[in-house]
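**Student:** Going by numbering that gives the first Met the number 0, the sequence shown opens with residue 0, and the numbers climb by one from there.
Just so you know, even glycine gets a beta-carbon here, dropped at the ideal spot from N, CA and C.
Keep in mind the model is a prediction, meaning the values are calculated, not measured.
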Amino acid sequence: MELTEQRPIRVAIVGGGCAAMACAFELTQPHLNGRYAVTVYQQGWRLGGKGASGRGPAGRIEEHGLHLWMGFYENAFRLMRECYGELGRDPAACPIATWQDAFSPAPYVGVAEQGPDGAWVSWAAALPPVEGLPGEARGGQPKWTVTDYVGRVVGLLRALLSSLPGATAGGDATLAGDALRERLAQLLKFGELATLAALVEAVELLQTMVGNLAGYPDNLILRVIDAVAANARGLIEARAAVDLEVRRVWTIADLTLATLRGILRFRLATDPRGFDAIDEYDCREWLRLNGASEVSLASGYLRALYDLGFSYEDGNPAAPRIAAGQALRSMVRAFFTYRGSFFWRMNAGMGDIVFAPLYEVLARRGVRFAFFHRLEQLRLAPARAGETPHVAGLDFDVQAELVGGDAYQPLVDVGGLPCWPSAPDWRQLVDGARLQREGVDFESFWERRSARRTTLRVVDDFDFVVLGVGLGAVPYVARELVERDARWRAMVDHVKTVATQAFQLWLREDMAAVGWTAPAINLSGFVEPFDTWADMRHLLAREAWPEAPRGLAYFCNVLADLPGAGDRGTSDYAARARAAVRANAVRFLARDIAHLWPRAVRDGDQFRWELLADAAGETARGEARFDSQFWTANVNPSDRYVLSLPGSSAYRLSPLDDTYDNLTVAGDWTACGFNAGCVEAAVMSGRLAAHALAQSPPLDDIVGYDHP
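This is the structure we're talking about:
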């Protein structure tokens, strides 16, 4: 679309999640001198998308689920560092004034494993800090290649083998050329790799070789990997069967060896597609093809990979699936490129830490926020020969009118911190008391009530559209696109989503009193239906209880669809899904929590319901006390988690696609260079969408975006 008027270019951003906000932030950067006039159209009363949180009774933080940031989230941390820097909060007036107040290192991580006797045991470790901080400027943006990662993977293998009891330093790691080949020939002879010292030496030589892959034939490197794997298995597996620590080290070493073998066998270092070349395979399937043992494939380490990405097709824990290429990219980025801490935790709700500051900064820049606007349909212009397809209109349901026609003021103060409430401020809405009595749920897919309909028209009301809704909503709000465009139709057919479930417990006793004596942890690989949990005690200081609880824990997992999912005529669907989550949580506490918190039960299997703190001060007994806690069924189409299924990445659309003259997309469901459901992918996508409109930021400035 060509604009000749000397006026700002009007951009309608639909959606309020991380991708949409990142796009708005980039389009309104001061160096663009107000070239773009941005309006954000948001359903309901708050921003956040899948990262929305709210403040409930006693100012308690109520989240969609468990949100942790990883130390390789370079784009996301840069966004927040710039946001807090511009916000300039007074530390004397606000308890979270800087990005370093907002985020704290969380290095203590764990996985759970079930032993032969059926008992669950937890393995935990504090991953070491790494120099630098995420989002910190450095000379030139890193361009990680498969070859770079191969060297780091070999280094990990060397460290693992060197950590085993009886291992000693290897040989001369400075060997190269003919001398290296000669020493390898000696080691590859039968019996020469029968000691841990010889295995460590072989890996040291392998490390030298992968530093110059072009200088050594693939078959030689593969012979070394195969020899190390075979001899290590014979040397270590027997010990691993009886020694838990050795088994854990060997499990990671076995998966590492399979990864190295696969990278070489599939020639990923020279394939221009890199890791994407193996995205047709499931991660377990690909590792099995490359020699990983069934014990390692069933380990807590690998299950944690699936758990953290909700990688269960159709919400079925018996159907774990994640594309091998994206899984490998996630693992190597997570372990080898993090800065500061492996995990970072937010020191309040995600709404408070991320979306309230972004809202404040963007509002100062002049971004207009149209809350209570539910997109009903994105309309395309009629197809005409010689005319580029474009968006002609946007149909919205205005869910509520504002008293006096003023702009909605969305934030509340909790202990000096601007926050989003868990319910709208009914006083700002026309007939708000009636809407509250009627139980209108502005965020529900099944809520059809509205005050009026409005249509925005291209040229009259907007110039460009950024569609930043969740992928699950696309078939409903962009029907014309899906019906007319085979690529959009293929995307919604192949890039799937899954519903999730979560609950939070506030405890009257501390974690040691319920039997968890280790530091605060983030743990995955546990039993279904809640395989991931985190000790979130640090958030209690940011809540406003009259008598503060002493413990706080978050649990989450996928949720299988019930009959009627996606059918707007099934008005009770959200209530049924919520009831299912409650039943799952109660059953989990009665049956499984004792494996983690042995003192939270009595008589072996009776959860101590009196442990639960009630913000209302009620004294319900037994299971009924659970109703004082918080739980959620994330079943709205826009709230569903985007999966990275084998073969699906090829169907993702890029924000840089220019098929439509005045439309781009933003979300973790797009082809953004990191095709996974996470904050970093969403921010990368939002930055790409801004580049599509403004050529800013430069593509080289988007860390990790190394695709054409």
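Just the C-alpha distance for R6 and L434, rounded to the nearest angstrom, thanks.
**Tutor:** Whole-angstrom Cα-Cα distance: 39 Å.
**Student:** Between the stretch 305-314 and the stretch 247-257, do three or more beta carbon pairs fall short of 8 Å?
**Tutor:** No, because fewer than three Cβ pairs between the stretch 305-314 and the stretch 247-257 fall closer than 8 Å, the two stretches do not touch.
**Student:** For Y72, tell me which candidate among E112, Y107, G131 and E442 has the shortest Cα-Cα distance.
**Tutor:** Here the closest residue by C-alpha is G131.
**Student:** Beta-carbon of A399 versus every beta-carbon of chain B: anything under 8 Å?
**Tutor:** Absence of chain B from the displayed structure is noted, only one protein chain being present.
**Student:** When the Cα atoms are used, what is the spatial distance from L428 to Y40?
**Tutor:** Spanning the two alpha carbons is a distance of roughly 17 Å.
**Student:** Hey, is the stretch 487-494 in contact with the stretch 395-411, meaning 3+ C-beta pairs nearer than 8 Å?
**Tutor:** They do not touch, by the three-pair rule.
**Student:** Among the residues of its own chain, which have a CB less than 6 Å from the CB of R456, if the five just before and after it don't count?
**Tutor:** Excluding positions up to five away in sequence, the list reads G392.
**Student:** Taking the alpha-carbon positions, what's the L159 to G55 distance?
**Tutor:** One C-alpha to the other measures close to 46 Å.
**Student:** Relative to the C-alpha of L187, which candidate in L65, M208, D225 and S162 has its C-alpha closest?
**Tutor:** When only C-alpha atoms are compared, the closest one is D225.
**Student:** On the DSSP bridge assignment, give the partners of P420 in chain order.
**Tutor:** Beta-bridge pairing links P420 to R54.
**Student:** Quick one: what does DSSP say N218 is sitting in, helix, strand or coil?
**Tutor:** DSSP places N218 in helix when its eight states are reduced to three.
**Student:** Taking DSSP's pairing of strands, which residues face A322 in a bridge?
**Tutor:** The partner list for A322 (beta bridge, DSSP) reads D281.
**Student:** Over the uninterrupted alpha helix (DSSP H) stretch that includes W249, give me the two end residues.
**Tutor:** Here the alpha helix (DSSP H) through W249 covers L243 to R264.
**Student:** If distances are taken between C-alpha atoms only, which option among P597, L259 and A564 comes closest to A511?
**Tutor:** Of the listed residues, the one whose Cα sits closest to A511 is P597.
**Student:** Exposed or buried, which one is R59 when buried takes at least 16 other CB atoms within 10 Å?
**Tutor:** R59 is buried by the Cβ-count criterion.
**Student:** For the alpha helix (DSSP H) that contains F708, what are its first and last residues?
**Tutor:** Nothing about residue 708 can be read from this structure; the chain reaches only from 0 to 707.
**Student:** What are the boundary residues of the alpha helix (DSSP H) that W122 is part of?
**Tutor:** Looking at the DSSP string, W122 is not in any alpha helix (DSSP H); the run it does join, the beta strand (DSSP E), is W119 to A125.
**Student:** Helix, strand or coil, according to DSSP, for M330 in the structure here?
**Tutor:** Note: M330 maps to helix in three-state DSSP.
**Student:** Please tell me whether T663 and L644 are closer than 8 Å, where the distance is taken between their beta carbons.
**Tutor:** No. Outside cutoff.
**Student:** Give me the Cβ distance between A230 and L198, rounded to the nearest whole Å; I'm assuming they're in contact under 8 Å.
**Tutor:** In the sequence on display, residue 230 carries Asn and not Ala. Right, the Cβ-Cβ distance comes to about 6 Å (below 8 Å), so this counts as a contact.
**Student:** To which residues does DSSP link V411 through a beta bridge?
**Tutor:** V411 is bridged to C418.
**Student:** Contact between the stretch 12-29 and the stretch 465-474: three or more CB pairs below 8 Å?
**Tutor:** Output reads yes: the stretch 465-474 touches the stretch 12-29.
**Student:** Note down the Cα distance separating E85 from V360, rounded to an integer number of angstroms.
**Tutor:** Cα-Cα distance, rounded: 7 Å.
**Student:** Assuming Q711 is part of the beta strand (DSSP E), what are its boundary residues?
**Tutor:** Outside the displayed span of the chain (0 to 707) sits residue 711, for which this structure offers no information.
**Student:** Alpha carbon to alpha carbon, how far is F368 from Q42?
**Tutor:** Whole-angstrom Cα-Cα distance: 11 Å.
**Student:** Out of C82, S647, A239 and L204, which has the shortest C-alpha to C-alpha gap to Q753?
**Tutor:** In the structure as shown, the chain begins at 0 and stops at 707. Residue 753 is therefore absent and cannot be evaluated.
**Student:** Considering Cα atoms alone, identify which of V580, Y650 and V641 is closest to D626.
**Tutor:** Residue V580 is the option with its Cα nearest to D626.
**Student:** Can you grab the Cα-Cα spacing for the pair W343 / L698, in whole Å?
**Tutor:** Cα to Cα, W343 sits roughly 26 Å from L698.
**Student:** Tell me whether V120 is buried or exposed, calling it buried when 16 or more other Cβ atoms sit within 10 Å of its Cβ.
**Tutor:** With fewer than 16 Cβ atoms within 10 Å of its Cβ, V120 is classed as exposed.
**Student:** Check whether the Cβ atoms of N633 and R651 sit closer than 8 Å, and answer yes or no.
**Tutor:** Not closer than 8 Å, so no.
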